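Below: one structure, written as C-alpha cells.
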C-alpha cells in the first residue's frame with residue numbers, strides 16, 4: 037500500500053519520499069506539456085508536479101517557505 041503524507045502548513049505534498057510542488061492552473065511552468073504525465077498529480081484545483089521535473093524547484097520551495105502563510109515552516 038502506498039503512503040500519502042500531506043504537509044498542509046507548507047503546501048508541499050510528499051508521497052513515498054517524493055516531493056511534489058503545488059501549482060494553480062494559471063501558474064504552470066511554460067514547459068508543462070513536456071513533463072511526463074506520470075509525474076503530475078491533480079487534487080481538487082491544485083496541480084502537483086514532481087520536484088525533479090521542475091527546473092527551479094529550490095527557488096519555488098524557498099518562496100513557499102518564506103511566504104506569509106508559511107512563515108514557521110521549512111522543507112527541503
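Numbering (this note's numbering), first residue to last: 37 to 112.
Just so it is clear, CB atoms sit at the ideal spot from N, CA and C, and this is done for glycine as well.
A quick note: this is a predicted structure, and the numbers were derived from the prediction, not measured.
Mark residue 61 as exposed unless 16 or more other C-beta atoms lie within 10 angstroms of its C-beta, in which case mark it buried. Along the chain shown, one-based indexing puts residue 61 at 25. Exposed, since its Cβ has fewer than 16 Cβ neighbours within 10 Å.
List the DSSP bridge partners of residue 54. Locating residue 54 in the chain shown gives position 18, where the first residue counts as 1. Looking at the DSSP assignment, residue 54 forms a beta bridge with 51.
Could you round the C-beta distance between residue 19 and residue 56 to whole angstroms and report it? I think they count as a contact, below 8 Å. In the structure displayed, the chain extends from 37 to 112; residue 19 sits before or after that span and is not available.
Can you check whether the CB of residue 99 is closer than 8 Å to the CB of residue 83? Counted from its first residue, the chain shown places residue 83 at position 47. Counted from its first residue, the chain shown places residue 99 at position 63. Not a contact, by the Cβ cut-off of 8 Å.
Per the DSSP calculation, residue 78 is bridged to which residue(s)? The residue given as residue 78 occupies position 42 in the chain shown. Per DSSP, 83.
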